[in-house]
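K.L.:
Remember, my numbering sits 1 above the position in the sequence shown when you count from 1.
Backbone N, C-alpha and C define an ideal beta-carbon position, used for all residues, glycine too.
This is the structure I want to talk about, given as structure tokens.
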Amino acid sequence: MERVARAFWLNSPGHGGIRDVVLPEPAEGEVVVRSLCSGVSRGTEALVFRGGVPESQYGAMRAPFQEGDFPGPVKYGYLNVGVVEEGPRELAGRTVFCLFPHQTRYVVPASAVTPVPEGVPAERAVLAGTVETAVNALWDAAPLLGDRIAVVGAGMVGASVAALLARYPAVRVQLVDADPARAGIAEALGVDFALPEDAEDDRDLVVHASASEAGLARSLELLAPEGTVIELSWYGDRRISVPLGEAFHSRRLTVRSSQVGTVSPARGGRRGYADRMAIALELLTDPALDALVTGECAFEELPGVMARIAAGELPGLCHRVAYEGA
2 MERVARAFWL NSPGHGGIRD VVLPEPAEGE VVVRSLCSGV SRGTEALVFR GGVPESQYGA
62 MRAPFQEGDF PGPVKYGYLN VGVVEEGPRE LAGRTVFCLF PHQTRYVVPA SAVTPVPEGV
122 PAERAVLAGT VETAVNALWD AAPLLGDRIA VVGAGMVGAS VAALLARYPA VRVQLVDADP
182 ARAGIAEALG VDFALPEDAE DDRDLVVHAS ASEAGLARSL ELLAPEGTVI ELSWYGDRRI
242 SVPLGEAFHS RRLTVRSSQV GTVSPARGGR RGYADRMAIA LELLTDPALD ALVTGECAFE
302 ELPGVMARIA AGELPGLCHR VAYEGA
């Protein structure tokens, strides 16, 4: 008997739909996972939905279980939580996280799933991929005891970074965003909030995650001499001007990229992708991170919801997708 599942596909830029897919029979060492919920990685998935992935980055931007190619048709996504229906005894019945697109059931190698720890509900575990990005960013940034830090951009990634920084001893962290409504997110995470014009300067470190030219410029302005901006934003096919005039050189400022596709060189020799994901899931025992999930829809509603997210009509942070029977 054929195993049939349902999957969300981007048929062409701006147009998504739900398709039936036939699942392969699981081989030895593979698992069948029934999705409980998935998360929309708002910035990246909206860019993919709009067709904004530059051709030069088609290979670099492939998701682990992506089907099809940019700009479409393509099945894209990487925040999925489900329960193992078939597989090795140690995984059967376990709730797991997988970097899989939005699909009702799927078959993957057992090594591709990470068990969700006790105390982390599936509804929160969809944030694991985003928190993993924050873990990698902080490995890159290497903040020190007592640092004064700004996080510019209170989206999914920026808010996750701020949440983790709030755990560092004696660190003063301020979350900066142009939307005053994000003050509530900062309060839930236990960090200060400021609008860009009111942000505190003389920062030892700034993590930039607003994906805007204005945000990057403001990040540089907030630095103390010899400070560093860790750039987490991905701009897709947009060209961004970086203000390297005025005091950039005299103050010896640094802009350094961080990207989750590679384990930070600071830990790459000792930690792998599985280690990093396990750390992210362990950090999700903190219920404060529930503040990063700001909306939910049923799986069948996803084509219309993705269009609204990509058009900027549905603001928020992580949008969770619920599956029937979950």
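1. Roughly how many angstroms separate the alpha carbons of Ala279 and Ser161, rounded to a whole number?
2. Leaving aside the five residues before and after Asp287 along the sequence, list all residues of the same chain whose C-beta is less than 8 Å from its C-beta, in chain order.
3. Between which two residues does the beta strand (DSSP E) carrying Asp141 extend?
4. Quick check: the Cα distance between Asp238 and Lys76, rounded to an integer number of angstroms?
5. Can you tell which of Ala129, Asp178 and Ala135 has its C-alpha closest to the C-alpha of Val153?
6. Going residue by residue through the segment 205-291, where are the continuous alpha helix (DSSP H) segments of at least 4 residues, counting only ones entirely within it?
7. Quick check: what's the CA-CA separation for Leu48 versus Ser251?
8. Does the distance from the CB of Thr295 to the CB of Leu315 come in under 7 Å?
9. Between Arg35 and Val84, which are expected to be in contact by the criterion C-beta below 8 Å, what is the C-beta distance as a whole number of angstroms?
10. Mark Val261 as exposed unless 16 or more other C-beta atoms lie within 10 angstroms of its C-beta, in which case mark it buried.
11. So, for Gly18: in the same chain, excluding its five sequence neighbours on each side, which residues have a beta-carbon less than 7 Å away from its beta-carbon?
12. Start and end of the beta strand (DSSP E) containing Leu24?
13. For Gln104, which three-state DSSP category applies?
P.N.:
Once the coordinates are examined:
1. Position 278 of the sequence shown, counted from the first residue, corresponds to residue 279. Position 160 of the sequence shown, counted from the first residue, corresponds to residue 161. Computed Cα separation, rounded: 16 Å.
2. Residue 287 sits at position 286 when you count from the first residue of the sequence shown. Contacts found: Ala164.
3. For the purposes of this step, residue 141 is identified with residue 140 of the sequence shown, where counting begins at 1. First-last for Asp141: Ala129 to Ala142, but that is the alpha helix (DSSP H), not the beta strand (DSSP E).
4. The residue given as residue 238 occupies position 237 in the sequence shown. The residue given as residue 76 occupies position 75 in the sequence shown. Rounded to the nearest angstrom, the two C-alpha atoms are 20 Å apart.
5. Working through the sequence shown from its first residue, we reach residue 153 at position 152. Nearest option by C-alpha distance: Asp178.
6. 214-222 and 274-284
7. Here residue 48 refers to the residue found at position 47 when the sequence shown is read from its first residue. Here residue 251 refers to the residue found at position 250 when the sequence shown is read from its first residue. One C-alpha to the other measures close to 36 Å.
8. To locate residue 295, count along the sequence shown from 1; it is residue 294. To locate residue 315, count along the sequence shown from 1; it is residue 314. Cβ atoms of Thr295 and Leu315: not closer than 7 Å.
9. Position 34 of the sequence shown, counted from the start, is the residue given in the question as residue 35. Position 83 of the sequence shown, counted from the start, is the residue given in the question as residue 84. Confirmed, Cβ separation roughly 5 Å.
10. Within the sequence shown, the letter at position 260 stands for residue 261. By the Cβ neighbour-count rule, Val261 is buried, with 16 or more other Cβ atoms within 10 Å of its own.
11. The residue you call residue 18 lines up with position 17 of the sequence shown. Only Trp10, Asn12 and Pro304 meet the Cβ criterion.
12. The residue you call residue 24 lines up with position 23 of the sequence shown. Here the beta strand (DSSP E) through Leu24 covers His16 to Leu24.
13. What you label residue 104 is simply residue 103 of the sequence shown in a count that begins at 1. Residue state, collapsed to three classes: strand.
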